[in-house]
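Everything on this sheet refers to the single structure shown next.
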Amino acid sequence: MEPAVFEHGDVYMRVDHGIFELFRRNVVIGSYRAPLNWIKVRADARRGGTTRLHFGHIAQLDEPIYAPKSDPGRLLVTIEIPTTDEPLYRAYFTRLAQLSDRPIGP
């Protein structure tokens, strides 16, 4: 299977052989890497037309891969994107949900 790659602006994400990787250009903090089956992404809409995407690890195997930020769980990496770009990211996370046989949130 070909790697599932998403590249937009300063963000590069890819899944290859079941491993999810996130890279950000122009950031001092390094990349984020975890098994696809462990990751969760929580979206937090902010004022000023931005959305923060928080990446962390699931607590329960049936958790959606992508959902609004509502849980206080530990989140490891955050990126900020224009809210207008959120549908592009959601489409990629929907693809990852299918690859990992997990739900996507509301």
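Residue numbering for the sequence shown follows this note's numbering, beginning at 4 and increasing consecutively.
Beta carbons: idealized from backbone N, C-alpha and C, even for Gly.
This structure is a prediction, so every number in the text was calculated from the model and none was measured.
In the three-state scheme derived from DSSP, where H, G and I count as helix and E and B as strand, residue 85 is classed as strand. Taking the Cα positions, residue 105 is about 16 angstroms away from residue 58.
Secondary structure of residue 90 (DSSP, three-state): helix. Taking 8 angstroms as the upper bound for CB-CB distance, residue 38 and residue 22 are in contact here, some 6 angstroms apart. If you check the CB distance, residue 108 and residue 86 do not come in under 7 angstroms. DSSP places residue 19 inside the beta strand (DSSP E), whose first and last residues are 14-19. Rounded to whole angstroms, the separation of the alpha carbons of residue 81 and residue 36 is 13 angstroms. For residue 56, the enclosing beta strand (DSSP E) has its first and last residue at 53-60.
Contact annotation: residue 26 and residue 68 have beta-carbon atoms that are not nearer than 7 angstroms. By the C-beta density criterion, residue 91 is exposed, having fewer than 16 other C-beta atoms within 10 angstroms. In this structure, the beta-carbon distance from residue 24 to residue 54 does not fall below 7 angstroms.
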